[in-house]
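Going line by line, the protein sequences match chains A and B.
Throughout the first sequence, residue numbering follows the working numbering, covering 85 to 407 in sequence.
Throughout the second sequence, residue numbering follows the working numbering, covering 85 to 407 in sequence.
Number of protein chains: 2
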Amino acid sequence: MAASNKTGGVDVSITTNDLRQAHVLIRDGIHETAVMQSASLNQMTGASLFFKCEHLQKTGSFKARGALNAVRRLDAQQASKGVATHSSGNHGAALARAAALQGIVAYIVVPTNAPAVKKANIALHGAQIIECESTLAAREAALADVVERTGANYIPPYDDARIIAGQGTAALELIDAVAGLDAMVVPVGGGGLLAGSLIASAGQMQVFGAEPEMADDAYRSFTTGVRVTRHTPKTMADGLRTTLGEHNFVIIREQCQGILLVSEAEIGAAMLLVWSRLKQLIEPSSAVTLAAVLRYPEHFQQKRVGLILTGGNVSVTDFSPTP
Amino acid sequence: MAASNKTGGVDVSITTNDLRQAHVLIRDGIHETAVMQSASLNQMTGASLFFKCEHLQKTGSFKARGALNAVRRLDAQQASKGVATHSSGNHGAALARAAALQGIVAYIVVPTNAPAVKKANIALHGAQIIECESTLAAREAALADVVERTGANYIPPYDDARIIAGQGTAALELIDAVAGLDAMVVPVGGGGLLAGSLIASAGQMQVFGAEPEMADDAYRSFTTGVRVTRHTPKTMADGLRTTLGEHNFVIIREQCQGILLVSEAEIGAAMLLVWSRLKQLIEPSSAVTLAAVLRYPEHFQQKRVGLILTGGNVSVTDFSPTP
């Protein structure tokens, strides 16, 4: 199924075929991650849940997919200049790693207040880190400066056809691995993964976005039809604080079944359930999907439901085991 | 390879064939758990590490294997009386679940001070819980009482040929899954899993036990040749506080390459590495294996090394995510 072409002036003509091509292009550089089930979570929800484990992906999140697809779509001339982005999180690490894999340079603009664990994850892959103030204006200025200075190719974190197609390969693998899914639940921040999952679903199942109440721009954009571009999210789900992208909004508005809001308490409880039942260390952003299944049983009971666990980059050093 | 028969009056004639038979007997009631790898942990250790994920086993630990093997080896007459044990940990849950699977009753003697998470795991499977004081004498008295009253079959946690054969199937699966292992590292508490792993290895690789310095009875027994039967362990690795079993000691003394001691700090650091790199929520007892590989590189560098992650039953509710 193709998203409509050039709706509202935005080119969103991405097809399942684009996702298949992206999958072929990146396959040797990513993990085909496992799909897990839990008898006790199935019993608790009255559904058959299939968890796609993208926290086990290279760099610890699905972002490895889109970044590698974008980097590998550059021609040799472009690639020789390297790539650049601004990111305080998983996209920065994913782009750094994709560049390292291709043997090209990556410039990552990182706000000074970014979590140490995420900065370390970026540095691990040998990227050049450019620190700046944490405001969006400062980040964009620093990025513009490095792009002008080096000629590096800007690779946006989510609002980009190459990124959407790359992220969608996670849903593609889930659909290929689990026959007869009735529904899929996908976290929505910038919307790249949700848009890609909608295209992957090809209209064969209901696809829901799951979003924190404390970062509800996708919900408000979806219900009003007007994309929210400014908000000040305070959610613990740090991967979902970004604002819905323009391309992604067009695809989501046309094809998504709905955006399901969950509270911070529900996110925390669902994260602990995944930790204790699946024994998988996911970050809070990954937990919004199970939180949504628990809060809105009317959509999921007796159904076969795919949930994407998006990442596992959470700082664990504060934890003390209780003997 | 068979362990010697009746060494020192103890019958330890368990063969790899017994393990194969146990595997056939329990296979439909357990998970064949995944084997995971991590590029960054390989880089850090200079070895190729293969983690056998028994924390993803039914009931959250490898104990599900031995318990099911023991229960399924009862004849109909015996089974009709049910099973009993005393346990504050994973064996209790494993036996409760094995009994439930066979439709027989389980009596689990639990000290009043057992962690709530472990008590809940036992109750989950419908066992009859008998609370008692936490001393060994009180536990044994309560167990003797319930066995006399009900005729239930006592299923010991580790010092038992059926248990050893069942636990050894975890190592058997690991060896079948990973060609050309040079070494295996296995946590040692009561020694059932280590004894079973030694039999599974059939002398084809080096097998090490890994043990907390704070619970070093297996190390002292192994090095002196005299089994330590009294000690007061204080380790955070609560699954390894038990004392080495008599049968297990005979097998370990004859076949084990060595017992590697690790400190509490090393256990904690290794646990956080598994959490942050593998994204797997293991309990402290599982972390002694990686801790040993890090502390004793001379045994493992450039080798293909299998490590058994034994369980994931750790309380996570104290954790606060850092956004």
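Every residue, glycine too, gets a C-beta built ideally from N, C-alpha and C.
Predicted model, so just to flag it, every value in this text is computed and none were measured.
Practice prompt. Output the distance between the C-alpha atoms of B/Asn237 and B/Tyr303, rounded to the nearest integer angstrom.
Written response: Stepping through the second sequence from its first residue, residue 237 of chain B is reached at position 153. Stepping through the second sequence from its first residue, residue 303 of chain B is reached at position 219. Answer to the nearest angstrom: the Cα atoms are 32 Å apart.
| query | What three-state label does DSSP hand A/Val372 in the structure shown? | reply | Indexing the first sequence from 1 puts residue 372 of chain A at position 288. Here A/Val372 sits in helix by DSSP.
A/Gln127 by DSSP, collapsed to three states: which one?
-> Along the first sequence, read from residue 1 onward, the residue named residue 127 of chain A stands at position 43. In the structure shown, the three-state DSSP call for A/Gln127 is helix.
State yes or no: is the C-beta of A/Ala424 within less than 8 Å of the C-beta of A/Gly210? The structure shown does not extend to residue 424 of chain A, since chain A spans only 85 to 407, so no value can be given for it.
Assigned secondary structure, A/Phe134 (DSSP; H/G/I helix, E/B strand, else coil): Working through the first sequence from its first residue, we reach residue 134 of chain A at position 50. The three-state reading of DSSP puts A/Phe134 in strand, counting E and B together.
Can you tell which of A/Gln341, A/Gln186, A/Val155 has the C-alpha that lies nearest to the C-alpha of A/Val270? Residue mapping note: residue 270 of chain A aligns to position 186 of the first sequence, counting from 1. Distance check between A/Val270 and each of A/Gln341, A/Gln186, A/Val155 places A/Gln341 closest, using alpha-carbon atoms only.
Amino acids of chain D, ordered along the chain, whose beta-carbon sits closer than 7 Å to that of B/Leu365
Here the protein chains are A and B, and chain D is not one of them.
Would you call the region 339 to 357 of chain B and the region 191 to 200 of chain A in contact, with 3 or more CB pairs under 8 Å? Taking a contact to require three or more Cβ pairs closer than 8 Å, the region 339 to 357 of chain B and the region 191 to 200 of chain A do not qualify as touching.
Quiz prompt | Selected residue, minimal CA-CA separation from B/Gly166, among B/Ala180, B/Leu265, B/Ser172, B/Pro296 | solution = In the second sequence, counting from the first residue as 1, residue 166 of chain B sits at position 82. Of the candidates B/Ala180, B/Leu265, B/Ser172, B/Pro296, B/Ala180 places its Cα closest to the Cα of B/Gly166.
- Would you mind listing the alpha helix (DSSP H) stretches within the region 258 to 301 of chain B that are 4+ residues and don't spill past its ends, in chain order? Whole alpha helix (DSSP H) segments, 4+ residues: 276 to 285.
Mind checking whether B/Ala267 and B/Met298 have CB atoms under 8 Å apart? As a first step, residue 267 of chain B is located in the second sequence; it is residue number 183 there, counting from the start. As a first step, residue 298 of chain B is located in the second sequence; it is residue number 214 there, counting from the start. Not closer than 8 Å, so no.
Restricting to Cα atoms, I'd like to know which of B/Asp102, B/Gly323, B/Asp301 is closest to B/His315.
As a working note, residue 315 of chain B is residue 231 in the second sequence. Here the closest residue by C-alpha is B/Asp301.
Self-check item: Nearest to A/Val262 (by Cα), restricted to the options A/Ala151, A/Phe134, A/Lys142
Solution: One-based indexing of the first sequence puts residue 262 of chain A at position 178. Checked all of A/Ala151, A/Phe134, A/Lys142; the closest Cα to A/Val262 is A/Phe134.
Sub-8 Å separation of A/Ala151 and A/His175 beta-carbons: One-based indexing of the first sequence puts residue 151 of chain A at position 67. One-based indexing of the first sequence puts residue 175 of chain A at position 91. A contact, by the Cβ cut-off of 8 Å.
From the beta carbon of A/Leu140, is the nearest beta carbon of chain B less than 8 Å away? In the first sequence, the residue the question calls residue 140 of chain A occupies position 56. True, the Cβ-Cβ gap to chain B drops below 8 Å.
- Would you verify that the beta carbon of B/Val400 is, or is not, closer than 8 Å to some beta carbon of chain A? In the second sequence, the residue the question calls residue 400 of chain B occupies position 316. The beta-carbon of B/Val400 is placed less than 8 Å from the nearest beta-carbon of chain A.
task: Take B/Leu346 and list the residues in its own chain whose beta-carbon comes closer than 8 Å to its own, dropping the five residues that flank it on each side.
output: Indexing the second sequence from 1 puts residue 346 of chain B at position 262. In the sequence as presented, Leu is not what sits at residue 346 of chain B; that position holds Val. Once the five neighbours on either side are set aside, the close Cβ partners of B/Val346 are Ala294, Glu295, Pro296, Glu297, Ala354, Val372, Ala375, Ala376, Arg379.
_I want to see whether chain B comes within less than 8 Å of A/Gly252, judged by CB atoms only; does it?_
On the first sequence, position 168 is the one that residue 252 of chain A refers to. Using a CB distance cut-off of 8 Å, A/Gly252 does not count as an interface residue toward chain B.
Should B/Arg311 be labelled buried (16 or more other beta-carbon atoms within 10 Å of its own) or exposed?
Walking along the second sequence from the start, residue 311 of chain B turns up at place 227. Buried.
- request: Could you tell me whether the Cβ atoms of A/Lys363 and B/Leu391 are closer together than 8 Å?
  value: Here the question's residue 363 of chain A lines up with position 279 in the first sequence. Here the question's residue 391 of chain B lines up with position 307 in the second sequence. The beta carbons of A/Lys363 and B/Leu391 sit no closer together than 8 Å.
TODO: Work out the CA separation of B/Ala200 and A/Ile336 for me, nearest whole Å.
DONE: As a working note, residue 336 of chain A is residue 252 in the first sequence. As a working note, residue 200 of chain B is residue 116 in the second sequence. Each residue's CA atom was taken as its position, placing A/Ile336 and B/Ala200 some 44 Å apart.
With A/Gly390 as the anchor, note down where its beta strand (DSSP E) starts and where it stops.
Counting from 1 along the first sequence, the entry for residue 390 of chain A is found at position 306. Unbroken beta strand (DSSP E) run through A/Gly390: 388 to 393.
Endpoints, alpha helix (DSSP H) assigned at A/Val108 = Here residue 108 of chain A is taken as the residue at index 24 of the first sequence, counted from 1. For A/Val108, the enclosing alpha helix (DSSP H) has its first and last residue at 100 to 110.
Kindly say whether B/Gly396, judged by its beta-carbon, lies nearer than 8 Å to any beta-carbon of chain A.
-> Residue numbering aside, residue 396 of chain B sits at position 312 when the second sequence is read from its first letter. Judged by the 8 Å Cβ criterion, B/Gly396 is in contact with chain A.
Review point. Touching or not, the region 244 to 258 of chain B and the region 324 to 338 of chain B, by the rule of three or more beta carbon pairs under 8 Å?
Key: Taking 8 Å as the limit for Cβ pairs, the verdict is that the region 324 to 338 of chain B does touch the region 244 to 258 of chain B.
So is B/Ala299 in contact with chain A if we call contact Cβ pairs under 8 Å? Numbered from 1 along the second sequence, position 215 holds the residue referred to as residue 299 of chain B. Nearest CB-CB separation between B/Ala299 and chain A: not below the 8 Å threshold.
Item to complete: Give a yes or no on whether the minimum CB-CB distance between A/Gly273 and chain B is below 8 Å.
Response: Taking the first residue of the first sequence as position 1, residue 273 of chain A is located at position 189. Under the 8 Å criterion on CB atoms, A/Gly273 is classed as non-interfacial with respect to chain B.
- Query: Bridge partners of B/Gln212, per DSSP?
  - Reply: As a position in the second sequence, residue 212 of chain B is number 128, starting the count at 1. Note: B/Gln212 is bridge-paired with B/Tyr191 in the DSSP secondary-structure output.
Check your understanding: Is the Cβ-Cβ distance between B/Leu227 and B/Val272 less than 8 Å?
Key -> In the second sequence, counting from the first residue as 1, residue 227 of chain B sits at position 143. In the second sequence, counting from the first residue as 1, residue 272 of chain B sits at position 188. Taking 8 Å as the Cβ cut-off, B/Leu227 and B/Val272 do not qualify as a contacting pair.
Q: Can you tell me which of the three DSSP states A/Asn397 falls into?
A: The residue given as residue 397 of chain A occupies position 313 in the first sequence. Collapsing the DSSP output to three states places A/Asn397 in coil.
Would you say B/Ala178 lies against chain A (beta-carbon separation less than 8 Å)?
Within the second sequence, the letter at position 94 stands for residue 178 of chain B. For B/Ala178, the answer is no, since every Cβ of chain A falls outside 8 Å of its Cβ.
Inset, instruction - Please say whether B/Thr319 and B/Tyr242 have beta carbons closer to each other than 8 Å? - result: Residue mapping note: residue 242 of chain B aligns to position 158 of the second sequence, counting from 1. Residue mapping note: residue 319 of chain B aligns to position 235 of the second sequence, counting from 1. No, the Cβ-Cβ distance between B/Tyr242 and B/Thr319 is not below 8 Å.
Proximal chain A residues relative to B/Ala118, where beta-carbon distance stays under 8 Å
In the second sequence, counting from the first residue as 1, residue 118 of chain B sits at position 34. Residues of chain A passing the Cβ test: Ala118.
Inter-residue spacing [alpha-carbon to alpha-carbon] between B/Val291 and B/Glu257: Here residue 291 of chain B is taken as the residue at index 207 of the second sequence, counted from 1. Here residue 257 of chain B is taken as the residue at index 173 of the second sequence, counted from 1. B/Val291 and B/Glu257 have their alpha carbons spaced roughly 15 Å apart.
Just the Cα atoms here: how many angstroms apart are A/Gly276 and A/Ala255?
Numbered from 1 along the first sequence, position 192 holds the residue referred to as residue 276 of chain A. Numbered from 1 along the first sequence, position 171 holds the residue referred to as residue 255 of chain A. Each residue's alpha carbon lies about 12 Å from the other.
*What residues in its chain sit with their C-beta under 7 Å from that of B/Thr313, if we drop five residues either side in the sequence?*
By one-based count along the second sequence, residue 313 of chain B stands at place 229. For B/Thr313, where only same-chain residues beyond five positions count, the Cβ hits under 7 Å are Thr327.
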